[in-house]
Amino acid sequence: LLDQLLFRKLVPHDHPQGGTPEHKLPWLIITAVTKLSFHKFFNKIIMVWAKSEYCSPQVVKTIRSHAGEENNEEMWTLLASVSNYLPLKSTSFVLDYFEENCQTNSEVGTYTLQQVLKVLSNCIKDIPSSRAESLQERLLKPIKKIAVSAQLISPMMDVVTLLSYKMTDSEEEGQKAIEEWVEPILTSCDDYLKSVLFDASSEKLDNEGEESLF
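Using the working numbering, read the sequence shown as starting at 486 and increasing by one per residue.
Structure (structure tokens):
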């Protein structure tokens, strides 16, 4: 059913019939999934589809043709699910999109950025080593400066963590690499909390105030 309603009706962005109701249906389905927060159920359906005879790697090429177009948000939502089960082969377009659009001053919404980060997490092993280090630096920079929304910190750190393992030769070395970039972030957070919670100029809290704080 999913194949008939979604994937068989999915056409490349430049397809002459792409604007017809029939071929708009896949994007309407994705919009509904997002609006109703049915991502968990949708992912399970995608998993079943990926194991079926209807699954085709060509789907990825069709989906990615919509990047940056009118169905951009829906495209990344769909790709985030599909890339769990189908290899992207080439990750250049994901990396290029991130570098061009996913900066702190970008007009791309937080939700879309979350989906892009999910795709990056799913295809870590296919990211060229030549671009892995620069990607990690781009992700760490706003995290260290706390210049990113709270909703993006966790998925960004997930990608940075996976990259740390990818760029090292063993799990032990990967763990050491993670500790190197985590330590200054934790120290910065600790110093900030101390300055706010234990500022000498702050009024001493009574029992009721302490209960409210903690």
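C-beta: ideal position from N, C-alpha, C; glycine also.
Taken through DSSP and simplified to helix, strand or coil, I609 comes out as helix. DSSP, reduced to helix, strand and coil, places F523 outside both helices and strands of the structure shown, so it counts as coil. In this structure, T597 places its C-beta atom within 7 Å of the C-beta atom of E558.
For Y650, the uninterrupted alpha helix (DSSP H) run begins and ends at 635-651, by DSSP. At the C-beta level, V633 and S606 stay beyond 7 Å of one another.
Residue burial annotation: M532 is exposed, with fewer than 16 other C-beta atoms found within 10 angstroms of its C-beta. Within a 10 Å sphere around the beta-carbon of I631 sit fewer than 16 other beta-carbons, which makes this residue exposed. Taking S550 as the centre and dropping the five residues before and after it, the same chain places the C-beta of P497, H498 closer than 6 Å to its C-beta, in chain order. Its Cα nearest to that of S566, the residue N528 stands out among C608, N528, K520.
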